[in-house]
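Chains as they are written, first to last, in this note's numbering: chain A, -13 to 183; chain B, 239 to 393.
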């Protein structure tokens, strides 16, 4: 339509990207956002990072489908979600350092609101497994204070909202075999190999 | 509920066109920002069955009116663009179109913008204008007819 065309400018794509960035910045300043998110490249594929005003709330693998992850965040945290890089600068930097072998521990504010009860106790215990070492599901059940809940440890790891940062990839079956992983077995192998190097 | 990012992605171009049509090029960016900031604030309370486009156009119209009022109280900081009939496009902008839009009544302009730019059906345009869908349709048709006589490039 000519009326529409007369109102458009050739550089509108770049212009709208600027307007979006400005909007996200103001929304953050006014504390209007439930969630800010961005993606980063990594050796285990593209990762989505999402933060609330409390801290990092979600790390997701591409195979989880980012659109679906964002929909779930809208339902469980709040719908006021914008792509916004700045609040995730520290998380992106620490992950970059981790993937290049320069960091063994994450030092980030976390928001664990997406996990509850026993599952939350399990994921909170994950950082007690040192970088480069592994623990069995049975061992993690013990550390979380419920020796017989081995299966529940499995589901806690499978629903860990902060993989990589809370290292569920360090949890293996008692016989040493890999077990499941949210990011797929290949990602789990890659992370273990990175830490063994 | 759909993440707000998706709402921005789906409507940012339309809202920018609406703001440009209602305020002209100089205030349109501010109007766009104010519209989405205001929409973001209210978004969690938006009913599931609401027409998001109509909701955004309503906010945009209000923000455009606010900005025009505020700017008319200030002394212009830069002169209005000169009209050059041989070169109607200045920096990609067709100033003639804005002059033509400025010649419409508020009702006509809102009807044209809401129906022809935002694609709202006249039943929704009527909610925006007040009055019946038939009256909204008439305002839209009158607006387009008037635009055609002033601004030759109109659809």
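For every residue, glycine included, the Cβ atom is placed at its ideal position computed from N, Cα and C.
Item: Closer than 8 Å: residue 178 (chain A) CB and nearest the ligand GDP heavy atom; Value: The model depicted lacks the ligand GDP and carries no ligand whatsoever.
Item: CB contact check: residue 359 (chain B) to chain A, cutoff 9 Å; Value: no
Item: Three-pair Cβ contact test at 8 Å for the stretch 117 to 137 of chain A versus the stretch 68 to 83 of chain A; Value: no
Item: Counted within 10 angstroms of its Cβ, other Cβ atoms place residue 286 (chain B) as buried (16 or more) or exposed; Value: exposed
Item: Any C-beta of chain B under 9 Å from that of residue 108 (chain A); Value: no
Item: Within-9 Å CB hit, residue 243 (chain B) to chain A; Value: yes
Item: Cβ separation of residue 49 (chain A) and residue 169 (chain A), assumed to be a contact under 8 Å, to the nearest whole Å; Value: 7 Å
Item: For residue 242 (chain B), the three-state DSSP class (helix, strand or coil); Value: helix
Item: Rounded C-alpha distance that separates residue 303 (chain B) from residue 266 (chain B); Value: 11 Å
Item: Neighbourhood of residue 327 (chain B) by C-beta, 7 Å cutoff - its chain only, sequence neighbours within 5 removed; Value: Bear in mind that a pLDDT of 46 at residue 327 (chain B), under 50, signals an unreliable position, so the model cannot answer this.
Item: Burial state of residue 40 (chain A) (16 or more Cβ within 10 Å); Value: exposed
Item: Chain-ordered residues of the stretch 66 to 99 of chain A with a beta carbon less than 8 Å from chain B; Value: 66, 67, 68 and 69
Item: Contact the stretch 2 to 16 of chain A vs the stretch 56 to 64 of chain A: 3+ CB pairs below 8 Å; Value: no
Item: C-beta atoms of residue 351 (chain B) and residue 295 (chain B) nearer than 9 Å; Value: yes
Item: Inter-stretch contact (C-beta, 8 Å, three-pair minimum) for the stretch 92 to 112 of chain A and the stretch 128 to 141 of chain A; Value: yes
Item: Exposure of residue 283 (chain B), with buried meaning 16 or more beta-carbon neighbours within 10 Å; Value: exposed
Item: Rounded distance between the beta-carbons of residue 273 (chain B) and residue 257 (chain B), thought under 8 Å; Value: 7 Å
Item: Simplified DSSP state of residue 115 (chain A), which is helix, strand or coil; Value: coil
Item: Stretch-stretch touch, CB-based, cutoff 8 Å, three pairs: the stretch 349 to 364 of chain B with the stretch 373 to 387 of chain B; Value: yes
Item: Pair within 9 Å by beta-carbon distance, residue 338 (chain B) and residue 292 (chain B); Value: no
Item: Segments assigned alpha helix (DSSP H), at least 4 residues, entirely inside the stretch 354 to 391 of chain B; Value: 360 to 367 and 371 to 388
Item: Proximity test, Cβ basis, 9 Å: residue 267 (chain B) and chain A; Value: yes
Item: 9 Å Cβ cutoff, residue 64 (chain A) in contact with chain B; Value: yes
Item: Assigned exposure category for residue 362 (chain B) - 16 Cβ within 10 Å defines buried; Value: buried
Item: Within the stretch 262 to 321 of chain B, ranges of the alpha helix (DSSP H) (whole runs, at least 4 residues); Value: 263 to 280 and 290 to 311
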